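This report concerns only the one structure given below.
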Amino acid sequence: MAVIRRFHWKVNKGSNDEFIELHREFEDNYREKAGGTKMDLHEKVNGPFWVYLADVYFEDWSGMNSWNDFFETEAGRDFGSKITATAECIDEEFFLTIDY
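Every position in the sequence shown, counted from 1, becomes a number in my numbering once 237 is added.
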């Protein structure tokens, strides 16, 4: 079983490239420190433009604690400030994978 936390991001006009670069920076430098095992970025192609879905995978619910703890650190707060300067998180969802 894996836990997936999905963030819905509405990117500010003109910030598309910067948002994608920051997502890559997080994947390369912070995701493991924040407790994630994998992360995917999807561009929503129906509905409003400039909406991205970021899926963060965790082994189990305890990974969520690591995620929340990371964003209480100086590095986490600094990165959070950079990403929220380019986009607004407009929704979040949680999923469990089904092992069958």
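Using N, Cα and C, we set each Cβ at its ideal position, and we do this for glycine too. Note that the coordinates shown come from a computational prediction; the quantities given were computed from them, not determined experimentally.
Of the candidates Val240, Leu259, Ser299, the residue whose Cα lies closest to the Cα of serine 318 is Leu259. Per DSSP, the continuous alpha helix (DSSP H) segment holding methionine 301 begins and ends at 299-307. The beta-carbon separation of glutamate 329 and arginine 242, rounded to 7 Å, stays under the 8 Å limit for a contact.
Note on methionine 276: 16 or more other CB atoms within 10 angstroms of its CB, so buried under the neighbour-count rule. In this structure, phenylalanine 256 sits near alanine 324, with a CB-CB distance shorter than 9 Å. Alanine 271 carries a coil assignment under DSSP once its states are collapsed to helix, strand and coil. In summary, tryptophan 246 is buried, with 16 or more beta-carbon neighbours lying within 10 Å of its beta-carbon over all protein chains present.
Taking C-beta separations shorter than 6 Å and ignoring five residues to either side along the sequence, the partners of histidine 279 in its chain run Leu290, following chain order. In this model, phenylalanine 263 and phenylalanine 307 are separated by some 12 Å (Cα to Cα).
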